[in-house]
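Just so we're aligned: 269 in my numbering is position 269 of the sequence shown, and the numbers increase by one with no gaps anywhere.
The beta-carbon is built from N, C-alpha and C at its ideal position, and this holds for glycine as well.
Below is one structure, written out as structure tokens; the observations come after it.
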Amino acid sequence: MSDVTFPTDRQRPFDPPDEATELRERADMHRMTFADGHRGWLVTGYSAARAVLAHPRFSNRPDLAHPPIQGSLLRMRMQKDARTPPGFFLRMDEPEHARFRRLLTGQFTVRRMKMLEPRVEEIANVCLDDMAAAGGPVDLVEKFALPIPSLVICELLGVPYEDRAQFQEDTKLLVNLETKAEDAMAALGRITAFMYGLVQRKRKEPADDLISGLIESGELDDEELAGVSLLLLVAGHETTANMLGLGTYALLTNPAQLAAMRDDPSVVENGVEELLRYLTIIHLGPMRTALEDVEIEGNLIKAGECVALHLPTVNRDPSRFPDGDRLDVARPAGGHLTFGHGIHQCLGQQLARIEMRIGYPALLRRFPGLRLAVTPEEVPMRSDMSIYGVHRLPVTW
Ligand code: HEM
């Protein structure tokens, strides 16, 4: 059988590409041709994906990676030259990764995140007030899904909110698969410079925020601090924003599930996990490269071969989630891989959960008559981004 390519074309807004589902029905792992001709692997099965993410002999370094699809080819090449920026520990292996992760874990404890809850509630209410004052129809992404995580991460890091317009524009450029390499590099340069300036300001005038806390630890230099902050800022708002936008859209088209999330507080915690599983907004990757020959479920992955995981399909694997193509906020949805797994498992997952557990019910209760202001076909989907979701969600009430 010939090699496959990475499936990206979705036929329905909430389902993985049919091609990926068909592949999973055939096998958990497939030989795949990457955009630069590299011959690696595609993983569509749950247990194989977990095994790859947990295995210590897979690397996440950009200079060892190959581009899974055409659009990212140039950008990946440039990344290869640039290597991992200082402090950007998502793309580091051990032991370098652990040095940063250890410092950050202390700042992201469940307890500390819980303490943020009242502030997240306030922020959500301000956004909802603003939405009510504007009157429908409004774009839910602009009024609700994007400002909540942006405000929360800005506050956590100590980034002045007035600076948000530029960095939102720049993160959009960075995650858009169509962005030209030079534009992506320019956007990255601008955010990095901004972060570097902010770190220097915080050195002079520390405050009660995460960057100041990291400065106080005395373990990181300014370039590393800027890199860590950049990673948190980029990873921390685009992802959650898309979950809030796409999740609301999914609920609007599933009235019984929406009613449960709105009316039954005991459903919300699990309902958020189910939305994370069902929607799996990670459209491209994660990817890993074998540092030595590794066997996964009887397949020999040779040293240097790259493995691309298809998480939206993995999280629908019936061997782990029976009837996984159905959205059911009451099912036990824990164990999904939407936040990854292993050493790089999402550092911000508790924060993202808090934002969603507060955000969805607050929205649905404030606007019980919430509905789409356009036909479903008119909702622009983000198939062109590495994080899936909606570009805009016109709603009224
Ligand atoms: C629904 C929202 C989110 C989703 C779906 C998500 C998803 C992910 C995934 C899949 C990874 C692992 C990538 C890999 O293994 O290659 C990851 C890592 C990471 N995420 Fe998130 N994320 C979300 C929200 C956040 C938030 C709110 C923050 C920060 C406040 C954050 C910060 C990070 C960081 C720093 C890493 C790198 C961890 C490491 O390398 O040790 N994420 N995220």
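Residue i burial status per 10 Å Cβ neighbour count (16 or more: buried)
| i | result |
| --- | --- |
| R12 | exposed |
| T105 | exposed |
| N242 | buried |
| T280 | buried |
| D170 | buried |
| R262 | buried |
| Y278 | buried |
| K202 | buried |
| N125 | exposed |
| T375 | exposed |
| M115 | exposed |
| P67 | buried |
| G236 | buried |
| G359 | buried |
| G37 | exposed |
| P332 | exposed |
| K204 | exposed |
| R326 | exposed |
| R26 | exposed |
| E216 | exposed |
| Y161 | exposed |
| T179 | buried |
| R102 | exposed |
| R39 | exposed |
| Q70 | exposed |
| E19 | buried |
| A256 | exposed |
Residue i: CB within 7 Å of a non-hydrogen atom of ligand 1
| i | result |
| --- | --- |
| I281 | yes |
| N299 | no |
| M29 | no |
| F339 | yes |
| A352 | yes |
| I296 | no |
| G348 | yes |
| T239 | yes |
| L90 | yes |
| Q345 | yes |
| I153 | yes |
| P286 | yes |
| A235 | yes |
| M115 | no |
| H391 | no |
| M131 | no |
| M243 | yes |
| H97 | yes |
| L400 | Since the first residue of the chain shown is 1 and the last is 397, residue 400 is not available in this structure. |
| N60 | yes |
| L231 | yes |
Minimum C-alpha distance to residue i - residue among the options
| i | options | result |
| --- | --- | --- |
| M29 | E297, L347, F321, L372 | E297 |
| L188 | I387, L246, S229 | S229 |
| I153 | Q107, G197, D293 | Q107 |
| W397 | M385, F367, D384 | F367 |
| V268 | L347, L251, R102 | L251 |
| A193 | P149, A226, L309 | A226 |
| P7 | H336, I387, E355, T313 | T313 |
| A158 | A352, P137, G213, A35 | Position check: residue 158 holds Gly in this sequence, whereas Ala was assumed. Ranking A352, P137, G213, A35 by Cα distance to G158 puts G213 first. |
| R99 | L220, L275, T33, V390 | L220 |
| E238 | I354, I343, P17, F167 | F167 |
| A303 | L53, Y46, A20, S59 | S59 |
| L210 | G348, R320, L276, D183 | G348 |
| Y46 | T338, R382, D183 | T338 |
8 Å contact criterion, which residue i and residue j should meet: CB distance rounded
| i | j | result |
| --- | --- | --- |
| L42 | V4 | 6 Å |
| V379 | Y249 | 6 Å |
| H283 | M385 | 7 Å |
| V294 | R57 | 5 Å |
| P86 | E223 | 4 Å |
| T84 | P62 | 6 Å |
| L370 | L364 | 7 Å |
Closer than 7 Å: residue i CB and nearest ligand 2 heavy atom
| i | result |
| --- | --- |
| R101 | Questions concerning ligand 2 fall outside what the structure shown contains, since the ligands it does hold are ligand 1. |
* Unbroken stretches of the alpha helix (DSSP H), 4 residues or longer, contained in the stretch 269-349 -> 311-314
* **Complete alpha helix (DSSP H) runs within the stretch 192-274 (minimum length 4 residues, chain order)** => 210-217, 222-252, 255-263
* **Every unbroken alpha helix (DSSP H) inside the stretch 19-89 [4 residues or more]** => 46-54, 73-82
* Asked: Can you list the alpha helix (DSSP H) stretches of 4 or more residues lying completely in the stretch 129-189, in chain order?
  -> 147-157, 164-175
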